[in-house]
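The structure appears below as structure tokens.
Protein chains: 2
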Amino acid sequence: MTEKDTEQKILDAAQDIFVRKGLDGTRMHEIAEQAGINKALLHYYFRTKEKLFLKVFSLAFPKILPRTMEIFDSDMPFLEKMEHFIDRYISLIGSNQALPLFVISELAKNPDKIVGIMKEAHRNMEFDLIERIKQDVAEEIRQGRIIDIDHRQLFVNVLSLCVFPFIGRPVITYMGFDNDRKEYEKFLKTRKKQVYEFVVRSITP
Amino acid sequence: MTEKDTEQKILDAAQDIFVRKGLDGTRMHEIAEQAGINKALLHYYFRTKEKLFLKVFSLAFPKILPRTMEIFDSDMPFLEKMEHFIDRYISLIGSNQALPLFVISELAKNPDKIVGIMKEAHRNMEFDLIERIKQDVAEEIRQGRIIDIDHRQLFVNVLSLCVFPFIGRPVITYMGFDNDRKEYEKFLKTRKKQVYEFVVRSITP
DNA sequence: GTCTATAATGTGATAGAC
DNA sequence: GTCTATCACATTATAGAC
Numbered sequence: 000m001t002e003k004d005t006e007q008k009i010l011d012a013a014q015d016i017f018v019r020k021g022l023d024g025t026r027m028h029e030i031a032e033q034a035g036i037n038k039a040l041l042h043y044y045f046r047t048k049e050k051l052f053l054k055v056f057s058l059a060f061p062k063i064l065p066r067t068m069e070i071f072d073s074d075m076p077f078l079e080k081m082e083h084f085i086d087r088y089i090s091l092i093g094s095n096q097a098l099p100l101f102v103i104s105e106l107a108k109n110p111d112k113i114v115g116i117m118k119e120a121h122r123n124m125e126f127d128l129i130e131r132i133k134q135d136v137a138e139e140i141r142q143g144r145i146i147d148i149d150h151r152q153l154f155v156n157v158l159s160l161c162v163f164p165f166i167g168r169p170v171i172t173y174m175g176f177d178n179d180r181k182e183y184e185k186f187l188k189t190r191k192k193q194v195y196e197f198v199v200r201s202i203t204p
Numbered sequence: 000m001t002e003k004d005t006e007q008k009i010l011d012a013a014q015d016i017f018v019r020k021g022l023d024g025t026r027m028h029e030i031a032e033q034a035g036i037n038k039a040l041l042h043y044y045f046r047t048k049e050k051l052f053l054k055v056f057s058l059a060f061p062k063i064l065p066r067t068m069e070i071f072d073s074d075m076p077f078l079e080k081m082e083h084f085i086d087r088y089i090s091l092i093g094s095n096q097a098l099p100l101f102v103i104s105e106l107a108k109n110p111d112k113i114v115g116i117m118k119e120a121h122r123n124m125e126f127d128l129i130e131r132i133k134q135d136v137a138e139e140i141r142q143g144r145i146i147d148i149d150h151r152q153l154f155v156n157v158l159s160l161c162v163f164p165f166i167g168r169p170v171i172t173y174m175g176f177d178n179d180r181k182e183y184e185k186f187l188k189t190r191k192k193q194v195y196e197f198v199v200r201s202i203t204p
């Protein structure tokens, strides 16, 4: 067993448990058990629970949204960017369904602890996302290809339509699907197409 | 100090802390302190932390979504219902900004503990929400007033557009607002109008 | 109903052998 | 690097006086 292997096994177990149970709900011995090692070894590698958590968070956060946003940094036509973004974003969320809620709720509970990670993630973006979207939207409006709309409202609308069906799943299934999970799975499968069409209908003249 | 007063003080403190810190992040002594009473008294009134939590959850959950949904159980024109729903829903969320994330994340972490409360809330609804929306949408489509759209997709879209800007706030402010909170406050103030117009543009022929 | 004191257990973290 | 044993403290919950 090399050092790299053990560290990776810890991080895998830690991510799985932190994401499901949150910082406060996670026990160090549970991570150790799932990683197949001793509890003391966690501290040998990561010193404290908080440091381990921050490491996990910093690795987990960039897995979805930042990676998807790169799509806007290309010269595709705007609506094509939108289509690619929705497709890729929903795919990534679908493969990591618990991640968005984890990121949001831990960030809400511990903004101070995590602010450093967010700042770094923001610095690491190789272009100014919101400025680029602003320019794109302005140009589309000027060309008459989309209606006059605030670029940030559009941005938040698209995010909301993509991610909330996954985050709000437990409530939605009760309120709108009689807690029928199979039915909700089918529903989620059609989201990419539905979201894209919903957005396009709303912004094309 | 009457019994009612003490119980209410406990519930007020418990809701405030549980909503901000979650079940796992909350300490009983913190609730006692904030309620201005002794720790043992919490157990006298609610026996265990879990029972207190479930009481708080069952009181908090109906405060927003179920209360707003009643709007669909009226004979207003459909688009007017929609406008009222968006207006009222966003108002309630704005007055209880941490509640939706609390409900969703606790439900995700402890579905088994809370399932009873959800079932009861569902039973207590005095009409079949999703069936009513289905009928309304079908009739609107038949009359040619809105385009052909799946009623549940529309339902989830509206929910998403209303609630996600509040839930996802910490992430959105970083990704799209350079962490400028004042700017985001202004943004939220315009949501009612923006969401309604976005939805209407998308569903009217 | 309300308090103080304390029990019973859980949890993060470290010491020290190998 | 990895383990066992253990410390130091926090936390839920209860006992019992008032």
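In order, the protein sequence lines correspond to chains A and B. Each residue of the first sequence is one higher than the one before, counting from 0 in numbering that gives the first Met the number 0. Each residue of the second sequence is one higher than the one before, counting from 0 in numbering that gives the first Met the number 0. Just so you know, even glycine gets a beta-carbon here, dropped at the ideal spot from N, CA and C. Note that the structure is a prediction, hence the values are computed from the model and not measured.
Three-state secondary structure assigned by DSSP to residue i
| i | result |
| --- | --- |
| Ser-201 (chain A) | helix |
| Ile-103 (chain A) | helix |
| Ile-16 (chain A) | helix |
| Ser-57 (chain B) | helix |
| Glu-125 (chain A) | coil |
| Arg-26 (chain A) | coil |
| Phe-163 (chain B) | helix |
| Ile-9 (chain B) | helix |
| Asn-109 (chain B) | coil |
| Asn-156 (chain B) | helix |
| Pro-169 (chain B) | helix |
| Met-174 (chain A) | helix |
| Ser-73 (chain B) | coil |
| Asp-135 (chain A) | helix |
| Arg-234 (chain B) | Shown here, chain B extends from 0 to 204; a query on residue 234 (chain B) therefore has no answer. |
| Thr-67 (chain B) | helix |
| Ala-31 (chain A) | helix |
| Asp-86 (chain B) | helix |
| Met-0 (chain A) | Any reading at Met-0 (chain A) needs caution, since the residue's pLDDT is 46, under 50, leaving its predicted position unreliable; the model's value is listed next. Three-state result, Met-0 (chain A): coil. |
Contact with chain A by residue i, beta-carbon distance below 8 Å
| i | result |
| --- | --- |
| Phe-163 (chain B) | yes |
| Tyr-43 (chain B) | no |
| Leu-10 (chain B) | no |
| Val-18 (chain B) | no |
| Gly-35 (chain B) | no |
| Met-0 (chain B) | Its pLDDT being 45, under 50, Met-0 (chain B) is placed unreliably in this model, and the coordinates cannot settle the point. |
| Val-136 (chain B) | no |
| Leu-158 (chain B) | yes |
| Phe-154 (chain B) | yes |
| Asp-23 (chain B) | yes |
| Ile-129 (chain B) | yes |
Cutoff 8 Å; reference residue i; Cβ partners in own chain excluding five residues on either side
| i | result |
| --- | --- |
| Cys-161 (chain B) | Ile-85, Tyr-88, Ile-89, Ile-92, Arg-190, Val-194 |
| Lys-62 (chain A) | Leu-91, Asn-95, Leu-98 |
| Lys-38 (chain B) | Met-27, His-28, Ala-31 |
| Asp-179 (chain B) | Thr-172 |
| Ile-202 (chain B) | Ile-145, Ile-146, Ile-148, Leu-153 |
| Ala-137 (chain A) | His-150 |
| Met-0 (chain A) | For Met-0 (chain A), the predicted model reports a pLDDT of 46, less than 50, meaning its position is unreliable; a value from the coordinates is still stated below. Once the five neighbours on either side are set aside, Met-0 (chain A) has no close Cβ partner at all. |
| Ile-116 (chain B) | Leu-53, Phe-56, Ser-57, Phe-60 |
Contact with chain B by residue i, beta-carbon distance below 8 Å
| i | result |
| --- | --- |
| Ser-216 (chain A) | The requested residue 216 (chain A) is not part of the displayed model; chain A covers only 0 to 204. |
| Met-117 (chain A) | yes |
| Gln-123 (chain A) | Note on identity: in this sequence residue 123 (chain A) is Asn, with Gln being the wrong assignment. Chain B, which has no Cβ nearer than 8 Å to the Cβ of Asn-123 (chain A), makes this no. |
| Phe-52 (chain A) | no |
| Asp-74 (chain A) | no |
| Gly-143 (chain A) | no |
| Ser-201 (chain A) | yes |
| Arg-151 (chain A) | yes |
| Ile-85 (chain A) | no |
Chain-order list of residues whose beta-carbon lies under 7 Å from that of residue i (same chain, five-residue window excluded)
| i | result |
| --- | --- |
| Ala-120 (chain A) | Phe-60, Pro-61, Pro-65 |
| Leu-51 (chain A) | Ala-13, Leu-41, Phe-45 |
| Gly-143 (chain B) | Pro-204 |
| Arg-19 (chain B) | Ala-97 |
| Ile-16 (chain A) | Thr-25, Glu-29, Ile-30, Gln-33 |
| Val-55 (chain B) | Leu-10, Ala-13, Gln-14, Phe-17 |
| Phe-197 (chain A) | Leu-160 |
| Ile-140 (chain A) | Asp-147 |
Same chain only: Cβ atoms within 6 Å of residue i, ignoring 5 sequence neighbours per side
| i | result |
| --- | --- |
| Val-102 (chain A) | Phe-60 |
Determine, using beta-carbon pairs with one atom in the segment 158-176 of chain B and one in the segment 142-158 of chain A, whether at least three such pairs fall under 8 Å.
-> yes
Sufficient close CB pairs (3 or more, under 8 Å) joining the segment 124-136 of chain A to the segment 168-188 of chain B | yes
Return the residues of the segment 164-196 of chain A that lie within a Cβ-Cβ distance of less than 7 Å from chain B, sorted by chain order.
-> Pro-164, Ile-166, Gly-167, Pro-169, Val-170, Ile-171, Tyr-173, Met-174, Gly-175, Phe-186, Gln-193
Touching or not, the segment 62-76 of chain B and the segment 23-31 of chain B, by the rule of three or more beta carbon pairs under 8 Å?
-> These segments do not touch.
Are the segment 7-14 of chain A and the segment 8-19 of chain B touching by the rule of at least three beta carbon pairs closer than 8 Å?
-> no
Between the segment 99-111 of chain A and chain B, which residues of the former have CB atoms less than 7 Å from a CB of the latter, in chain order?
-> So the list reads Leu-100, Val-102, Ile-103, Ser-104, Leu-106, Ala-107, Lys-108, Pro-110, given in the order they occur along the chain.
Please list the residues of the segment 53-66 of chain B that have a C-beta atom closer than 7 Å to any C-beta atom in chain A, keeping them in chain order.
-> Identification of residues in the segment 53-66 of chain B having a C-beta nearer than 7 Å to some C-beta of chain A yields Leu-64, given in sequence order.
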